[in-house]
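Enquirer:
Residue numbers (this note's numbering): 1498 to 1913.
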């Protein structure tokens, strides 16, 4: 990215006041961390697909509106610094991280020729692509579009992930897109991992994926009444998915609660292998971007002093930390340090403060000490103090629940 490269907040995104109870999801899946009360929230609606909407606070709204006319990232940084009355370098790291989140969400698009404006491969409901009939758009990002679809003949629901990027960056990004499904195709099936059903490398380039439901864990753990055994089972299934990857020497690369879906039968499915890679593969470490939501960032990937995100790749112990955040969220309904709104404060807490202990479920049930101990070890600041991989974390989780269940006179069948 250069300072001269221009980005825009497209006109097809409209801003509307939000009323409580309206169906939408908060940007980044981080409800408390937007810093906006109900009365302050604004809904960003994609007029091309009205199910694609986000809730933002006034600060995010004003930031996006800076890009209603094409401008460079550096120019926006200078304007924000002027408004805040501080030097640009004081907020550069926070703004850069936020800018990347807006790009990943598709809210900021390239104003140049390297990102498509009208894709040759735009799909319409009812269109037949291979053996699949295209349904409604789920979400569109700068490089890919996801659609509901059904297999012609059987009616089986699937998700189509279509590569839509054009221009100079397309070849490089398409290589990563194809690599994602090459890894999936080579992985032994697992009941808690979304299955690759078919991959078409031609034009358009797309993959057909198992339909894994429409509910991410992020939107369930705090909002739905769940008995403790059910929360423990959900945690065990999420761990089982990562343990399967780690057994085969793979890293998921982007572990967080929006990449775990709950099916209609309430089973966990791990999705989105776009940042996956082989553990210890130097070539892939150099070529594959490193993911991670801020709330799930391991302390070793946060630089001391600057608190910027390190370019050093994570490893299995890094993903164990991310799983610790996930388990805390599954049992308590919230993430550690969820009260930290600004990246600087969140990063300092992740690096320096002990993670709050998991004590109560949202239903007011006390969490067994043995389970809280497992989460605490997974969230250790020093990587060497954590479980070495998800396989051992899963074993510890199952053993802790068996101990806790006996004390609580509960059944032991909840862990898979």
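Glycine residues also receive a C-beta, built at the ideal position from the N, C-alpha and C atoms.
Starting from residue 1734, follow its DSSP beta bridges and name the residues at the other end.
Expert: Paired residues: none, contrary to the question.
Enquirer: Compute the Euclidean distance between the alpha carbons of residue 1650 and residue 1894, then round it to the nearest angstrom.
Expert: When rounded, the distance between both Cα atoms is 43 Å.
Enquirer: Under the three-state reduction of DSSP, which class applies to residue 1650: helix, strand or coil?
Expert: Note: residue 1650 maps to coil in three-state DSSP.
Enquirer: Let's test the definition: count the other Cβ atoms within 10 Å of the Cβ of residue 1802 and tell me whether it reaches 16, buried, or not, exposed.
Expert: Exposed, because fewer than 16 other Cβ atoms sit within 10 Å of the Cβ of residue 1802.
Enquirer: Which residue wins for smallest C-alpha separation from residue 1823, given the options 1748, 1642, 1734, 1604?
Expert: Nearest of 1748, 1642, 1734, 1604 to residue 1823, Cα basis: 1734.
Enquirer: Classify residue 1754 as helix, strand or coil using the three-state DSSP reduction.
Expert: DSSP places residue 1754 in helix when its eight states are reduced to three.
Enquirer: Any idea which residues DSSP pairs residue 1806 with across the strands?
Expert: For residue 1806, which the question treats as bridged, DSSP gives the partners 1799.
Enquirer: What first and last residue would you give for the beta strand (DSSP E) that runs through residue 1632?
Expert: Element bounds for residue 1632: 1629-1637.
Enquirer: So, using beta-carbon positions, are residue 1740 and residue 1887 closer together than 8 Å?
Expert: In contact: residue 1740 and residue 1887 (Cβ atoms closer than 8 Å).
Enquirer: The beta strand (DSSP E) spanning residue 1505 covers which residue range?
Expert: Run containing residue 1505: 1503-1505, per the beta strand (DSSP E) assignment.
Enquirer: Note down, in chain order, each residue of its chain lying with its Cβ closer than 7 Å to the Cβ of residue 1683, except the 5 sequence neighbours on either side.
Expert: Cβ within range, chain order: n/a, list empty.
Enquirer: Provide the residue span of the beta strand (DSSP E) that contains residue 1765, from first to last.
Expert: From DSSP, the beta strand (DSSP E) with residue 1765 extends over 1765-1767.
Enquirer: According to DSSP, is residue 1607 part of a helix, a strand, or is it coil?
Expert: Three-state result, residue 1607: strand.
Enquirer: Report the residue from 1646, 1768, 1725, 1563 whose alpha carbon sits nearest the alpha carbon of residue 1859.
Expert: Considering only alpha carbons, the answer is 1725.
Enquirer: Near residue 1738, what residues of its chain come up, given a Cβ to Cβ distance below 6 Å and the 5 sequence neighbours on each side ignored?
Expert: Closer than 6 Å at Cβ, skipping near neighbours: 1689, 1690, 1767.
Enquirer: Given residue 1615, which residues of its chain have a CB within under 6 Å of its CB, disregarding the five upstream and five downstream residues?
Expert: Bear in mind that the predicted position of residue 1615 carries a pLDDT of just 43, short of 50, making it too unreliable to give a figure here.
Enquirer: So residue 1897 and residue 1876 are supposed to be a Cβ contact under 8 Å. How far apart are they, rounded?
Expert: Not confirmed; about 15 Å, so no contact.
Enquirer: Express the C-alpha separation of residue 1763 and residue 1716 in angstroms, rounding to a whole number.
Expert: About 13 Å.
Enquirer: Taking the alpha carbon of residue 1642 as the point to measure from, which residue in 1625, 1555, 1621 has its own alpha carbon closest?
Expert: Checked all of 1625, 1555, 1621; the closest Cα to residue 1642 is 1621.
Enquirer: Per DSSP, which one or two residues make a beta bridge with residue 1660?
Expert: Residue 1660 is bridged to 1641.
Enquirer: Excluding the 5 residues flanking residue 1745 on each side, which residues of the same chain have their C-beta closer than 8 Å to its C-beta?
Expert: So the list reads 1684, 1685, once near-sequence residues are dropped.
Enquirer: Looking at the structure shown, is residue 1695 part of a helix, part of a strand, or coil, going by DSSP?
Expert: It is a strand residue.
Enquirer: Where does residue 1513 fall in DSSP's three states?
Expert: DSSP places residue 1513 in strand when its eight states are reduced to three.
Enquirer: So, for residue 1575: in the same chain, excluding its five sequence neighbours on each side, which residues have a beta-carbon less than 6 Å away from its beta-carbon?
Expert: 1585.
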